[in-house]
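Novice: Mind having a look at this structure? Questions to follow.
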Amino acid sequence: MFRGLGLVATTALVVGNMIGSGIYVIPSSLADTAGPLGLVAWAINAAGYLCLTAVFADLGGAYPVSGGLQAFARRAFGDLVGLEVGFLYWLCAVIGNAAFLTAFVGYLAVLWPAAGDPWTAFVVSQALLWALTLTNALGVRAGGAVQVITVICKLAPLVVLSVALWPLASTANLEPFAPRGWGSLLPAVSLVSWLFVGMESVTVPAEEIVGAGRTIRKSVYIGFLMTSAIYLLVLGSLGLAVPAELLAKSASPLADVAAYHFGPTAATLVTIGALVSVAGILNGWVLVTSRMAHATARDGLGPRALARLHPRFGTPTRALVLTAVLSGALVGLYFSGTTLEIYNFIALLSTATALVAIGVACAAELVLLRREPDRFSPQQRRRAPWTATVGLAVVALMIAGSGATIVALTAGCLLLPLPYYFLALRRRPASPAP
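Have a look at this one:
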């Protein structure tokens, strides 16, 4: 593969794969689920994901190979676990892409009401998905350039709206602080965790990153801190300046807030920012999803066809097409409920499958620290057991809060790769762990 992603592009990948549809939609779900108590859920997630950021900075620096979580899990636990993690993270991204498309048409309907029609929404989402798939098929630099541009464009409206709301802040909007009781904190934690998934994704295309180990370590921390600051600014300004009941049940809460306080022009600008933001995160996850499928297949854990690269562009075009087809098919959920209901369900399921893979990566670090200590610096060897252990606990907390249905579906997803492993994979030798 061609190494074309530098520090700016990889940081944009981290920020772009975290800040996307969630910050434009989750404030509504959070207000409905927990009210102002959602700010506590944000703080819990920020602290927990700081530990997870350290885990992936360590692992990405020590093992800068494509596949990221799958490669770490396989090195620590063998082929079966590597296959499970690769499949779950790929599935997370496939499902997540459908959530991004759902959010895109939800905001597009603010500017173009016809987009609220399920058939129109389906066609528009397919057009966006396949346009970005083609962009990423043309090479990693093309996808990286789109990511940098969209990150710059998506941050501006978030910052401007948040700053404009601060003069309207009133602690009265924080009352009642826990309208549904403190028991709503756990579900709120699971909802907010969707905002933070994506920090680890930069480890997946490692072999296309210039100076991979060093660049990954820097970009993971820089991207996480930038994203956390933006989330605090946005959620804090909304919580203090907007009553929770105004946010609840809205498919485009930030646009509605802008219209309520500043008029239709402000709502239009926020909506455009939301559309750019969602397109940007979808672009980043299209890149990551295809690379995970490619790396898993290249390591002998998936169909060999997915390991092939385009002879001219050096991109995994077959993996790109497969993931686009599946994400596009999931958009058919438009016809089964309201936009917000569909988004919440897809977001929780995508987050849960990702968190299982992330949790295994934490356990992998604990194993690799003992087995291959020379891969880690003395400082990492002292700190990593703590951050990895806390990371595991945080992952368990977040999954538990997603509800019995999501937990059951995630458990079912764990069973899906088993027939392939026992019927096909065990009959052929896998490639050695990198």
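Taking full-length UniProt numbering, the leading residue of the sequence shown gets 1, the next gets one more, and so forth.
Backbone N, C-alpha and C fix where the C-beta goes; we use that ideal spot for every residue, glycine too.
Taking the Cβ atom as the reference point for each residue, do TYR107 and SER252 lie within a distance shorter than 7 angstroms?
Specialist: Yes, Cβ-Cβ distance for TYR107 and SER252 is below 7 angstroms.
Novice: In this structure, how does DSSP classify ILE209 when only helix, strand and coil are distinguished?
Specialist: It is a strand residue.
Novice: Work out the CA separation of ALA329 and SER201 for me, nearest whole Å.
Specialist: Their backbone Cα atoms lie some 23 angstroms apart in a straight line.
Novice: Please report the Cβ distance between LYS154 and GLY48, rounded to the nearest whole angstrom; I am assuming they are in contact, meaning their Cβ atoms lie under 8 angstroms.
Specialist: Actually they are not in contact, since the Cβ atoms of LYS154 and GLY48 sit about 24 angstroms apart, beyond 8 angstroms.
Novice: Taking the straight line between their C-alpha atoms, what separation do you get for GLU372 and ALA71?
Specialist: Looking at the two C-alpha atoms, the distance is approximately 15 angstroms.
Novice: What residue range does the alpha helix (DSSP H) around ARG304 cover?
Specialist: No alpha helix (DSSP H) contains ARG304, which DSSP labels as neither H nor E.
Novice: When you compare only the Cα positions, how much space is there between LEU129 and LEU282?
Specialist: So the alpha carbons of these two residues sit roughly 8 angstroms apart.
Novice: PRO419 to SER219, Cα distance in whole Å?
Specialist: Distance between the alpha carbons of PRO419 and SER219 is about 37 angstroms.
Novice: Secondary structure at LEU5, three-state DSSP: helix, strand or coil?
Specialist: DSSP places LEU5 in strand when its eight states are reduced to three.
Novice: Taking all protein chains shown into account, decide if THR271 is buried (16 or more other Cβ within 10 angstroms of its Cβ) or exposed.
Specialist: By the neighbour-count rule (16 or more Cβ atoms within 10 Å), THR271 is buried.
Novice: Please classify ARG312 as buried or exposed, where buried requires at least 16 other C-beta atoms within 10 Å of its C-beta.
Specialist: Exposed is the call here.
Novice: Between which residues of its own chain and THR11 is the CB-CB distance below 6 angstroms, once the five residues before and five after are set aside?
Specialist: Cβ neighbours of THR11 beyond the five flanking positions: SER219, ILE222 and GLY223.
Novice: Is the Cβ-Cβ distance between PRO316 and LEU309 less than 7 angstroms?
Specialist: Yes.
Novice: How many angstroms separate the CA atom of VAL257 from the CA atom of ALA76?
Specialist: Rounded to whole angstroms, VAL257 to ALA76 spans 48 angstroms at the Cα level.
Novice: Taking three-plus beta-carbon pairs below 8 angstroms as touching, is the segment 31-43 in contact with the segment 284-304?
Specialist: With a cut-off of 8 angstroms, the segment 284-304 and the segment 31-43 do not count as touching, because too few Cβ pairs lie within range.
Novice: Thinking ALA137 and LEU320 are a contact (beta carbons under 8 angstroms), I'd like their distance in whole angstroms, please.
Specialist: Sure, about 5 angstroms apart at Cβ, within 8 angstroms.
Novice: Is LEU247 a contact residue of the ligand GDP, with contact defined as CB to any heavy atom under 6 angstroms?
Specialist: Absent from the structure shown: the ligand GDP. Ligands present: none.
Novice: If I measure Cβ to Cβ from THR389 and keep anything under 8 angstroms in the same chain, skipping five residues before and after, which residues do I get?
Specialist: Taken in chain order, the residues that qualify are CYS362 and LEU366.
Novice: Going by DSSP, what residue range makes up the alpha helix (DSSP H) through GLU245?
Specialist: Run containing GLU245: 244-247, per the alpha helix (DSSP H) assignment.
Novice: In terms of alpha-carbon separation, which member of SER28, LEU50 and ALA98 lies closest to LEU349?
Specialist: Taking only the C-alpha atoms, the option nearest LEU349 is ALA98.
Novice: Three or more C-beta pairs under 8 angstroms: does that hold for the segment 226-233 against the segment 9-24?
Specialist: With a cut-off of 8 angstroms, the segment 9-24 and the segment 226-233 count as touching, because enough Cβ pairs lie within range.
Novice: How long is the line joining the alpha carbons of MET1 and VAL85, rounded to whole angstroms?
Specialist: Residue placement at MET1 cannot be trusted, given a pLDDT of 45 that sits under 50; the coordinates are not used to answer.
Novice: So is GLU175 buried or exposed if we call it buried at 16+ other beta carbons inside 10 Å?
Specialist: The residue in question, GLU175, is exposed, as its Cβ has fewer than 16 Cβ neighbours within 10 Å.
Novice: With distances taken from CA atoms, which of ILE23, ALA73 and ILE399 is nearest LEU369?
Specialist: Out of ILE23, ALA73 and ILE399, ALA73 has the C-alpha closest to the C-alpha of LEU369.
Novice: Taking all protein chains shown into account, do 16 or more other C-beta atoms lie within 10 angstroms of the C-beta of PRO378, making it buried, or fewer, making it exposed?
Specialist: Exposed.
Novice: Give every residue of the same chain whose Cβ lies closer than 8 angstroms to the Cβ of ALA182, excluding the five residues on either side of it in the sequence, and list them in chain order.
Specialist: The sequence shown places Trp at residue 182, rather than the Ala named in the question. So the list reads LEU37, once near-sequence residues are dropped.
Novice: Can at least three beta-carbon pairs, one atom from the segment 234-241 and one from the segment 154-171, be found at a separation below 8 angstroms?
Specialist: The segment 234-241, when compared against the segment 154-171, does touch it at the 8 angstroms Cβ threshold.
Novice: Pick helix, strand or coil for ALA12, following the three-state DSSP scheme.
Specialist: Note: ALA12 maps to helix in three-state DSSP.
Novice: Going along the chain, which residues of its own chain have a beta-carbon closer than 6 angstroms to the beta-carbon of ALA178, five neighbours each way excluded?
Specialist: The answer, listed in chain order, is LEU37.
Novice: Express the C-alpha separation of VAL331 and THR120 in angstroms, rounding to a whole number.
Specialist: Roughly 12 angstroms between the two C-alpha positions.
Novice: May I have a chain-ordered list of the beta strand (DSSP E) segments no shorter than 3 residues that lie completely inside the segment 383-431?
Specialist: Runs found: none.
Novice: In the DSSP assignment, find the alpha helix (DSSP H) that holds ILE19 and state where it starts and stops.
Specialist: Where ILE19 is concerned, there is no enclosing alpha helix (DSSP H), given that its DSSP letter is neither H nor E.
Novice: Around the C-beta of ARG304, are 16 or more other C-beta atoms found within 10 angstroms, so that it is buried, or is it exposed?
Specialist: With fewer than 16 other Cβ atoms within 10 Å, it is exposed.
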